[in-house]
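Scroll down for the structure; my scribbles are underneath it.
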Amino acid sequence: MPKLMSRLGRWLAAGGKRAAVRTGARTVAPVHPISDATLSASCLIKRVHAVVEMTGHGPVMSALPQETRPLYDVLWGGLREFALPDPGAPATEAPVRERVSPEPREPLPALRKVVIVILTWNGLELTRRCLDTLRRNTTHPDYEVWVVDNASSDGTVEYLRTLSWVHLIENDRNLGFVRGNNQAIAACDGAADIVLLNNDIEVHQSDWLERLQHTAWSAADVGVVGCRLRRPDGRLQHAGSYMPLDSLWGQQVAAHEEDIGQYTRDREVEGVVFACAYLKREMIGSVGPLDERYFAYFEDSDYCLSARAAGFRTVCCGSVTLDHHENSSTRVNGVAHRPLFLRSQAAFREKWERRLRDTRYTRRLGWHSTINLPTGYSISSRELVLALDRAGVEVGYRFLYGPGSTQPATEPEQTGLDLLNHVRDRPLDPNGVHVAYGQADAFHRAGGGYRIGYTMLETDGVPRAWVEQANRMDEIWVPSTFNVGTMRESGVVRPIHCVPLGIDPNYFHPRIAGSRHGGVFTFLSVFEWGERKAPEVLLRAFTDEFRAREDVVLLLKVVNRDGDVDVREQIAHLGLARDGGRVLLSLNDVIPTYQLGSLYRSADCLVLASRGEGWGMPALEAMACGLPVIATRWSAMTDFIDESVAYPLDVERMVPAVAKCPYYKGFSWAEPSYEHLRHQMRHVFEHPDEARGRGTRASEVAHARWTWDQAAQRIVQRLTEIGS
């Protein structure tokens, strides 16, 4: 079976230039070393498309020896020579990436006059760009622009005086952000709604104001509306904000993430930054002006909390995205950020800390698990902790494993999220409810007054050691009805409750940006290499069913953590058809978790022909993204997969669960049907419209029933039943 290069996604960062491939021989290309940098999903998919274009028709595999990390290209067949594109060169005939754009809508009518308030303190060029783009790209028929200048000395005032359509307030000294904005709010039309807009904002969306207004008027209790803010380099800066009690240092949702179309729906949030904020006049009448205890910073968090106290919600309008040159005023004027920030933080702490501590959380929970390792438990644990926090549960976290456990490695403390960094420092109530989320043989490491074990396993039973530890807990949680049965049948006598896992609809939805190859149907499979995932069944079924000349490819996104396993060698021993369908292997390429939706959206169908799943997260995530899914009709996935939303794969028979994992010994799992897998892949390939329709229904169901917030609500419900 021909094979071509490993680590496709690392190639561009390495600046690889040229590779030669020769019949019957292995030619090592002189290329730059490949780095270990994490890749974006779009970067990985771009390499995949390049390989598809270069190889034309013919089976392709990729592999990379870990010990050397050069680029190896090996093809069996005729002599082939090709040049990989220069990373710095312009693309030719490159697939067009789906752009992140608002959903098409009918033009929105204006509901009320709006006054846009902009504060300036030097920064002439920023102000000019702001006003130029605003004037050129705003279609709302009834708005005014008021500019408050805080004693600029760089020509800003002189420029503003030339604009007849701008209402200008000139101050002889810098009154600060809050007092300056309050001046305009008091002086302008008292019946109009207000939009606070920074002078370092650029407007490139013509209906931005109508959309903000319609979100504000979507319900009587919506008082403050913000939007997505994007940095000049294309990364997101903001999709809402929250104030962690542990630090009282405001955090912005999705900050620094590549804009892939996340957070494009309207959502209630704790706060929004006032670089762009729509304030409804009725709310201003109830709350009053901005609190002038703040010169700058924290005034936005303060005002959103004040609005909430007055009965008004804050919403982030996901259909509006503006470009923001963040903190430009302090840079332009050479002002030290930290002293201003700390003074405002002290004022915020004095006003809000006690109130927030009294109202934010309604209960406490000890959480023993992992949140910062590259495992399924860790990724889902992070999401559950964050969702529980949103649900009003104060989670105190402790690492479940470490020295003396079955997983003796320690866990890095810095997670990249302020909230998750702080949960490990919170004190635990020794008499409270504690959850151990991990393998059941680690349950004994968690304390607590009421102890809950939360686990899963992919076989038709669980080990005796698991049963013994489970029966020492007060109750057991499992994510699927499948494991309710396997636990009970294995001898667990404690109460067992089904507490499902979920997906984040902000990152897994059909409008996440992908990069499909227009002429080639792409099957995608995402898994860790091993017996449980039945890779040999998938590879044989695909390469036997499809021919190399067909416009179809199978992309394997594979992780292999077993140093004793040579994935390339195992594939070679399968004896796959030489003229079979084309296969691309991405081995151990790391992309950020939040970009997995882009990977799914770059394919046409997900295939998960596994022998057993404790949950089946890739299948549910792909469904949420609107992909048709082919997955084995057995184990946990049967809770969310049936013929109405997916293409279930028949089980040929039950077989012994033979693998390196000691937990499987003595149990069985399902053997996916090779013939039915061929049939399902061929059917999806030949009926793409039907498959897309099923994917659309799958997305609707996933978003309606299987989110992390719903999982957290199920936990809260159970904690209430316990009496916590």
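Residues 1222 to 1945, numbered by this note's numbering, are exactly what the sequence shown covers, in order.
Quick reminder that beta carbons are idealized off the backbone N, C-alpha and C, glycines included.
For the candidate residues 1651, 1723 and 1666, whose alpha-carbon lies nearest to that of residue 1626? Closest in alpha carbon position to residue 1626, among 1651, 1723 and 1666, is 1666.
Tell me the rounded alpha-carbon separation between residue 1663 and residue 1653. The alpha-carbon atoms of residue 1663 and residue 1653 are separated by roughly 19 Å.
Take every Cβ of the segment 1699-1718, pair it with every Cβ of the segment 1865-1873, and state whether three or more of those distances are shorter than 8 Å. Verdict: no, contact absent.
Per the DSSP calculation, residue 1737 is bridged to which residue(s)? Secondary-structure assignment with DSSP links residue 1737 through no beta bridge to anything.
Taking 8 Å as the threshold, find out whether the segment 1761-1777 comes into contact with the segment 1795-1812 through three or more Cβ pairs. Segments in contact, yes.
Quick test of the definition: if touching needs 3 or more C-beta pairs under 8 Å, does the segment 1602-1613 touch the segment 1633-1651? With the rule of 3 Cβ pairs closer than 8 Å, the segment 1602-1613 counts as touching the segment 1633-1651.
Return the first residue and the last residue of the beta strand (DSSP E) that residue 1544 is part of. Residues 1534-1545.
Thinking C-alpha only, which one of 1616, 1829 and 1378 is nearest residue 1872? Checked all of 1616, 1829 and 1378; the closest Cα to residue 1872 is 1829.
Would you grab the beta carbon distance between residue 1928 and residue 1726 for me? Rounded to a whole angstrom, and I think it's under 8 Å. About 6 Å separates the two Cβ atoms, so the contact holds.
For residue 1499, which three-state DSSP category applies? If DSSP states are grouped into helix, strand and coil, residue 1499 belongs with the strands.
Which of the three DSSP states is assigned to residue 1897 in this structure? In this structure, residue 1897 counts as helix in the three-state DSSP scheme.
Which residues share a DSSP beta bridge with residue 1656? Checking the DSSP bridge columns, you'll see residue 1656 partnered with 1588 and 1673.
Residue 1626 Cβ short of 7 Å to the ligand NAD heavy atom set: Absent from the structure shown: the ligand NAD. Ligands present: none.
Smallest Cα separation from residue 1757: which of 1555, 1797, 1740 and 1733? The shortest C-alpha separation from residue 1757 is found at 1797.
What's the gap between the Cα of residue 1942 and the Cα of residue 1847? One C-alpha to the other measures close to 35 Å.
Within its chain, find whatever has a CB closer than 7 Å to the CB of residue 1442; leave out the 5 residues flanking it on each side and keep chain order. Answer for residue 1442: 1532, 1533 and 1534, listed in chain order.
Distance check for residue 1569 and residue 1466, CA to CA, integer angstroms please. Looking at the two C-alpha atoms, the distance is approximately 12 Å.
If you draw a straight line from the alpha carbon of residue 1356 to that of residue 1854, how long is it in whole angstroms? Rounded to whole angstroms, residue 1356 and residue 1854 show a C-alpha spacing of 57 Å.
Over the uninterrupted beta strand (DSSP E) stretch that includes residue 1697, give me the two end residues. Where residue 1697 is concerned, the enclosing beta strand (DSSP E) stretches over 1696-1699.
DSSP state of residue 1385 mapped onto helix, strand, coil: Correct three-state label for residue 1385: coil.
Assuming residue 1744 and residue 1763 make a contact with CB atoms under 8 Å, what is their CB distance in whole Å? Contact flag correct, Cβ pair sits at about 7 Å.
Are residue 1430 and residue 1359 close, meaning C-beta to C-beta below 8 Å? Yes, Cβ-Cβ distance for residue 1430 and residue 1359 is below 8 Å.
Pair within 8 Å by beta-carbon distance, residue 1822 and residue 1735: Contact: yes.
Under the DSSP definition of a beta bridge, which residues are partnered with residue 1448? Per DSSP, 1538.
Is residue 1597 close to chain C? Criterion is C-beta to C-beta, closer than 8 Å. In the structure shown, chain C does not exist; there is a single protein chain.
What does the Cβ neighbour count give for residue 1849, buried or exposed, with the cut at 16 atoms within 10 Å? Result: buried.
Do you know offhand how far residue 1870's Cα is from residue 1488's? Taking the straight line joining both Cα atoms gives about 36 Å.
Check the C-beta distance from residue 1343 over to residue 1554 and give it rounded, since I have them as a contact under 8 Å. 5 Å between Cβ atoms; contact.
Residue 1720 in three-state terms, based on DSSP: The answer is coil: DSSP assigns residue 1720 none of H, G, I, E or B.
Distance CB(residue 1522)-CB(residue 1471) smaller than 8 Å: Cβ atoms of residue 1522 and residue 1471: closer than 8 Å.
Tell me the DSSP secondary structure of residue 1805 in three-state form. Secondary structure of residue 1805 (DSSP, three-state): strand.
Going by DSSP in three states, residue 1531 sits in which element: helix, strand or coil? Three-state DSSP puts residue 1531 in coil, outside helix and strand.
Apply the 10 Å Cβ neighbour rule to residue 1530 and answer buried if 16 or more other Cβ atoms are within range, or exposed otherwise. Label assigned to residue 1530: exposed.
Less than 6 Å between C-beta atoms, sequence neighbours within five positions excluded: which residues of the same chain meet that for residue 1401? Closer than 6 Å at Cβ, skipping near neighbours: 1340, 1369 and 1371.
Between 1879, 1590, 1428 and 1537, which lies nearest to residue 1444 when the distance is taken from Cα to Cα? Ranked by how close their Cα comes to the Cα of residue 1444, the residues 1879, 1590, 1428 and 1537 have 1537 in first place.
Run the CB neighbour count on residue 1459, radius 10 Å, all protein chains shown included, and call it buried at 16 or more, exposed below. Classification for residue 1459: buried.
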